[in-house]
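J.: Sharing a structure with you now.
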Amino acid sequence: MKSGEIITQVEAARRIGVSSTAIKFWVRSGRLPARKAGNIVLIDSGELEAVNSWSLQNEARQRQLKKA
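Here it is in structure tokens:
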């Protein structure tokens, strides 16, 4: 696990410019590790950056495949 600041689901969404629903989907699908404290979903910012980087690279690959 990459270590960073612990942030909420809403803050994670704000930082990378996606909806909190997208973050929730990533957490539920297992793509983004998270833990709960009561009703609050907590995410390690290092993990968020790793998942976001992977997602951006994957989107770029998809665009290249569509052009071919």
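Using this note's numbering, read the sequence shown as starting at -3 and increasing by one per residue. We put the CB at the ideal spot given by N, CA and C, even for glycine. Bear in mind the structure is a predicted one, so any value in this text is a computation, not a measurement.
Use the C-beta contact count for V37: other C-beta atoms within 10 angstroms, 16 or more gives buried, fewer gives exposed.
T.: The residue is buried, with at least 16 neighbouring Cβ atoms inside 10 Å.
J.: Would you list, in sequence order, the uninterrupted alpha helix (DSSP H) runs of no fewer than 4 residues that lie entirely inside the region -1 to 48?
T.: Runs found: 5 to 12, 16 to 25.
J.: State buried or exposed for W50, treating a residue as buried only when at least 16 other CB atoms are found within 10 Å of its CB.
T.: exposed
J.: Please report the distance separating the alpha-carbon of I3 from that of F21.
T.: 17 angstroms
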